[in-house]
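Notes to accompany the following structure.
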Amino acid sequence: MKRNDELYYPIGIVAEMFDVSVGTIRAYEKEGLILPRKTEGKHRYFNRNDISRIACIRKMITEKGLNIAGIKMIFSIIPCWEVKQCSTEDRTHCPAYHNADAPCWEIKNMDSVCGPLDCRECPVYIDMHNCDDLKNTLKRFYTLKKEAKKG
DNA sequence: TTTCTAACA
DNA sequence: TGTTAGCA
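Read in order, the letters of the first sequence correspond to residues 147 to 297 in the working numbering.
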């Protein structure tokens, strides 16, 4: 499938790619690990970033021994407020800033500065797709504030 | 045939 | 995670 010059795959193909059931892929979405787009008919379709994320998830599960809850926890401690350079005022009113039980893209509400934005297009979500460089990605997230002060 | 949601093993 | 039911 192709949409906006980007290739998309149905859940069956994706499940086949990683040798897992479609139910497993759906479980990743249900737990907030991935945010596949959906058609009007509710059908999920996955782009390259989704595929990359799933590869990372599979790697953490099979090679690091983590489960879905463990991966969700890692995603939940991403300092999105540093990535988005949120002001003190923004942080005060943002539920994601005060919650570490779910990734920000799961608890976003319309009252926060991220309200009208699509998390699928946010670096907080997108940059977590590279498993091989996960540690550096997290490190970069945490040092953004310092770099902003320098520059 | 494939995918969907929801409930349950 | 997997399975099943009932639907589109």
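A virtual CB, placed ideally from N, CA and C, is assigned to each residue, including glycine.
Proximity of residue i and residue j at Cβ, strictly below 7 Å
i    : j    : result
P225 : G178 : no
I203 : I217 : yes
D196 : P182 : yes
R194 : I180 : no
C277 : K205 : yes
R190 : I157 : yes
W251 : R237 : no
Own chain partners of residue i with C-beta closer than 7 Å, once the 5 adjacent residues on each side are dropped
i    : result
V229 : P269, V270, F287, L290
With 16 other Cβ atoms within 10 Å as the buried cut-off, status of residue i
i    : result
E152 : exposed
H275 : buried
Whole-angstrom C-beta distance between residue j and residue i, which should lie under 8 Å
i    : j    : result
V168 : F192 : Rounded, the Cβ-Cβ distance is 12 Å, inconsistent with contact.
A246 : I214 : Actually they are not in contact, since the Cβ atoms of A246 and I214 sit about 17 Å apart, beyond 8 Å.
Other residues of its chain near residue i: CB distance less than 8 Å, five sequence neighbours each side excluded
i    : result
I272 : N195, R266
A201 : F164, C277
T283 : D273, M274, N276
Cβ-based neighbour list, residue i, same chain, cut-off 6 Å, excluding 5 preceding and 5 following
i    : result
L212 : M206
Y243 : W227, R237
R232 : Before going further, note that residue 232 is Cys rather than Arg in the sequence given. Excluding residues within five positions, none has a Cβ falling inside 6 Å.
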